[in-house]
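Numbering (UniProt numbering), first residue to last: 1 to 884.
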């Protein structure tokens, strides 16, 4: 026989022998001695090696062995220790090949048997979902479960519980109880985990195994104790008292398993979220993570957790340092003062070799540091920013953004640092985070506006990201004309027209037009630049330049405000659909722009995102189509507004669930009632909601829901006319009553068995406010919009808000009540101020712009001076009447 044959067979026998000793659990030193004795014995007989390999195979068909050998398996009751003793025949001289072959056959059988058996268990579990009758397999698994082979018992328990349903579970209940308290840890854990899965389908049966689970919970094995505790908790989790007793018992006697201890901490934390309990808090006091994640935890209660985390910050283990600084970072988000004591330890971690730890330390310091430490922190950050990835850099930038809001007087230092980061290499997300941060500083702090705009102007000179360049150009057009020296930005903007591609050039043209619309001195120069853009190669650039040029040459503030500074407030997809519909149905009437749905974002921002080929219909357009299909609503005109969210008129647990959506038209309102019948033995027919108004609204008609079977939503409508005699009385409360015909039905088939009877159901009152008659719109330049509307229908009144004590509360209530959009961030009230001006914009039903300037003064109470302007008198009267 050739040498390579010998080497191949020697490796085969060596592999089998090593596996055998791993299965048998023989000590490594002893197994090595016996192994080499076997190898030496095998080498004595070349003939034996060849014969063994020819006649034995690792893929031996052991399942068919019983049939081939005449009906019984001679290896069925093999014992590992006996085979190990027989293996001594390899030491005999000369080696007896026949005896050795027989012993090796036994070894191969024992090696492969556990693997094949476990694969069989896995197959049973995977195929159980498609099997119709598993009684034979159940019997076999029960036999394995109660057998003497420990390696088979655990997997057999898991497989048996996988295929057992609730009807068969009682047959194996006795065996499961025995398995739970079995002395073999693997068997006990298997039974406990399987019981946990069985809880979903057979809770009452598994609940009877609590005594055995409690006995297993006192096991010395850490996994058995953990699994037993998990089962006990899930059995009792709906009983707060039982859970509290369980926590008290195990915390008093202690737990050997760290896994079980962690589970008890989680359970105790969950209990503390639901009810306050000092003993439980004392138990989790040493678990910093659990305390930090408790909702509503005070800074005093966080103190012990912070102390533990502070010790971990100086740990030699990187994992503990990371866990500590990560948890402190979470604490700093809500309670920065509680982490201040760790600032020195965190500063030491800034130079940590692990960049993740250093980044978290920096971001935590940025949240907890004082105003005086910002300069030092910025120097520390700059030393390692080049060494971390863009992902970590974004985290640092976000932390700096939060710091800017906390200490606005440090905007110069922070802005310079951000600009130095902006000049470095980086990806799109990183650069976008910096630009967002600079823009937020500009919007929050008027003193930083010119510095920030100058930094952004320099950035777009080398900016390779189109989205960022167009956004900065839009910001320059919006804020640049309001600065002390607006002309200095023109060079940067016009450079984009000369040097950039078409998308950026189009944005630059729009920015130039905004400068010309707001500054008469610069207008001649702007017109010259726009005339140069008229010859551009790109269609959109040429069209924008031509359009803006013609508007600016008119030198009318109203045109500038309507077409350049604020633009149209309609939805672009809605405008496209309306124009398409107008071309399909020719009419002598001109196209009415008021028939187009409004958009809360200005058209300039809608253009920034490329529209898909087929734009999805908006929620309001879906309602418009649904209401147009109802014959009673023909002739109401375009839908002006639908309420953002349905109003619940019943509790969610009642027999009938009613939700109302309010639809506002020019002269009418439609109330859509979405109804659900939760009674399976009733069917409702001819369902309507009768409404009684407190004001001059007039109910015109009801559109019933013909049938309302069990759990199938249906819709009914009520049409009302808006007040005519007193059009300012738009605020109204409707009392609602649902009326219907009840028919009893078979719960299984749904078939009705009688003619039914009339019934009614009282609903909650429904309120209509001024916000239902006004659509929010954004005006980027409020002063221009104010001048555009004019003062023909301007009115002013002063009110006292006696129940409101702060300006923030006053601003929030006014915005919510009027349903208008706050402009130019006027809804943000500066700190330590007793005066504030709130600017609001909207469109009143019928398409009339309505603008409100509200001046607020805080003394003992809040005094409010409201000035309203509109293109019609009615919206102004309604706003002032509603506020009064």
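Beta carbons are placed, not taken as given, at the ideal position from N, Cα and C, and that holds for glycine. Model, not experiment: these values are computed from the prediction.
Cα-Cα separation, residue i to residue j
| i | j | result |
| --- | --- | --- |
| residue 890 | residue 581 | Limits of the chain in this structure are 1 at one end and 884 at the other, which puts residue 890 out of reach. |
| residue 814 | residue 512 | 36 angstroms |
| residue 265 | residue 246 | 12 angstroms |
| residue 416 | residue 326 | 28 angstroms |
| residue 15 | residue 111 | Only weak support is given to the placement of residue 15: the predicted model assigns it a pLDDT of 46, under 50, and the value that follows is read from those uncertain coordinates. Near 11 angstroms, if we compare the C-alpha coordinates of residue 111 and residue 15. |
| residue 238 | residue 201 | 16 angstroms |
| residue 350 | residue 329 | 14 angstroms |
| residue 878 | residue 770 | 8 angstroms |
| residue 844 | residue 532 | 41 angstroms |
| residue 88 | residue 95 | 11 angstroms |
| residue 24 | residue 120 | Residue confidence for residue 24 is low, a pLDDT of 40 falling below 50, so the modelled location carries little weight and cannot support an answer. |
| residue 34 | residue 93 | Note that residue 34 scores 44 on pLDDT, short of 50, meaning its location in the model is unreliable; the coordinates nonetheless yield the value given after this. Distance between the alpha carbons of residue 34 and residue 93: 16 angstroms. |
| residue 791 | residue 435 | 39 angstroms |
| residue 696 | residue 574 | 33 angstroms |
Cutoff 6 angstroms; reference residue i; Cβ partners in own chain excluding five residues on either side
| i | result |
| --- | --- |
| residue 855 | 837 and 865 |
| residue 756 | 741, 742 and 743 |
| residue 881 | 728 |
| residue 782 | 823, 824 and 839 |
| residue 826 | 838 and 839 |
| residue 57 | With a pLDDT of 31 at residue 57, under the threshold of 50, the predicted position of this residue should be treated as unreliable, though the coordinate-derived value follows. Result list for residue 57: empty, nothing under 6 angstroms. |
Close-in-space but distant-in-sequence residues of the same chain around residue i (CB under 8 angstroms, 5 per side omitted)
| i | result |
| --- | --- |
| residue 385 | 393, 396, 421 and 424 |
| residue 437 | 397, 398, 400, 401, 404 and 418 |
| residue 51 | For residue 51, the pLDDT reaches just 35, beneath the cut-off of 50, and the residue's location in the model is therefore unreliable, leaving the point undetermined. |
| residue 211 | none |
| residue 479 | 442, 449 and 453 |
Buried versus exposed, by CB contacts within 10 Å (16 or more), residue i
| i | result |
| --- | --- |
| residue 560 | buried |
| residue 779 | buried |
| residue 550 | exposed |
| residue 668 | buried |
| residue 457 | buried |
| residue 775 | buried |
| residue 817 | exposed |
| residue 591 | exposed |
| residue 70 | Bear in mind that a pLDDT of 44 at residue 70, under 50, signals an unreliable position, so the model cannot answer this. |
| residue 372 | exposed |
Beta-carbon proximity of residue i to residue j, cut-off 8 angstroms
| i | j | result |
| --- | --- | --- |
| residue 796 | residue 728 | no |
| residue 255 | residue 227 | no |
| residue 235 | residue 189 | no |
| residue 716 | residue 705 | yes |
| residue 689 | residue 676 | no |
| residue 733 | residue 683 | no |
| residue 154 | residue 195 | no |
| residue 708 | residue 786 | no |
| residue 506 | residue 552 | no |
| residue 362 | residue 321 | no |
| residue 700 | residue 720 | yes |
| residue 496 | residue 439 | no |
| residue 367 | residue 332 | yes |
| residue 799 | residue 870 | no |
| residue 335 | residue 302 | yes |
Candidates the options: closest to residue i by CA position
| i | options | result |
| --- | --- | --- |
| residue 660 | 650, 654 and 666 | 650 |
| residue 508 | 781, 536, 656 and 745 | 536 |
| residue 522 | 685, 482 and 502 | 482 |
| residue 137 | 745, 313 and 157 | 157 |
| residue 171 | 205, 155 and 194 | 205 |
| residue 831 | 81, 407, 451 and 819 | 407 |
| residue 923 | 859, 818 and 774 | Coverage of the chain is limited to positions 1 through 884, which leaves residue 923 absent and any answer about it impossible. |
| residue 788 | 556, 146 and 471 | 556 |
| residue 173 | 150, 184, 353 and 203 | 203 |
| residue 474 | 565, 121 and 766 | 565 |
| residue 624 | 701, 376 and 597 | 597 |
| residue 346 | 645, 627 and 365 | 365 |
Same chain, Cβ closer than 7 angstroms to residue i, neighbours up to 5 away in sequence not counted
| i | result |
| --- | --- |
| residue 595 | 578 and 638 |
| residue 679 | 655 and 710 |
| residue 197 | 161 |
| residue 862 | 801, 804, 807, 810 and 856 |
| residue 681 | 744, 745 and 747 |
Cβ of residue i within 8 angstroms of any chain B Cβ
| i | result |
| --- | --- |
| residue 333 | Any reference to chain B falls outside this structure, which holds one protein chain only. |
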